[in-house]
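Residue numbers (this note's numbering): 36 to 199.
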């Protein structure tokens, strides 16, 4: 599974209350959640994000409240992949469960800048900053997790019989 897109970069400790503020948790409409994604941190996020873009962030991404709404808002906004130095465990699991691709790679996060173009190969665990030509290695997901992400999440994987 490969992704390529323009980078939108954030720092450390981006919490779920910033990703999707609590005032929008009364809806499960994915488009509505996407419309408010990151608005308290980056008012222009929804204007600048394009389908396929890649979010890059620092340590402890997705910390705070346990809410499935956060990875849903990110995925529905058009972000195809989040690369971070580390993820809060519940966000990490929620992302896989809803089919949002994520990778941990501190070295890549340190080197990649906002606006760069990045390619990531989840099968091989390789991230390439196409703007600079630098390549970074990370641990690829096991095949069963890659299948969950490819199928759009755990529920879809169960529905189509690919989760065993």
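Positions of the beta carbon are idealized from the N, C-alpha and C atoms, including for glycine.
Coil, strand or helix - residue i by DSSP
{"i": "residue 123", "result": "coil"}
{"i": "residue 191", "result": "helix"}
{"i": "residue 174", "result": "coil"}
{"i": "residue 44", "result": "strand"}
{"i": "residue 88", "result": "coil"}
{"i": "residue 169", "result": "coil"}
Whether residue i touches residue j by CB criterion (8 Å)
{"i": "residue 109", "j": "residue 117", "result": "yes"}
{"i": "residue 140", "j": "residue 167", "result": "no"}
{"i": "residue 93", "j": "residue 119", "result": "yes"}
{"i": "residue 68", "j": "residue 49", "result": "no"}
{"i": "residue 189", "j": "residue 132", "result": "yes"}
{"i": "residue 187", "j": "residue 134", "result": "yes"}
Cβ-Cβ separation, residue j to residue i (assumed contact under 8 Å), whole Å
{"i": "residue 44", "j": "residue 91", "result": "5 Å"}
{"i": "residue 115", "j": "residue 38", "result": "5 Å"}
{"i": "residue 99", "j": "residue 51", "result": "4 Å"}
Pairwise C-alpha distance: residue j and residue i
{"i": "residue 149", "j": "residue 143", "result": "12 Å"}
{"i": "residue 154", "j": "residue 83", "result": "19 Å"}
{"i": "residue 222", "j": "residue 71", "result": "Any answer about residue 222 is impossible in this case: the structure gives the chain only from 36 up to 199."}
{"i": "residue 81", "j": "residue 147", "result": "21 Å"}
(message) Please give me, in chain order, every unbroken run of the alpha helix (DSSP H) with length at least 4 that falls completely inside the region 91 to 163.
(response) Taken in chain order, the complete alpha helix (DSSP H) segments of 4 or more residues contained in the region 91 to 163 are 104 to 112, 124 to 133 and 141 to 146.
(request) Tell me the start and end of each unbroken alpha helix (DSSP H) in the region 54 to 79 that is at least 4 residues and wholly inside, in chain order. (result) Counting only runs of 4 or more, we get 65 to 70.
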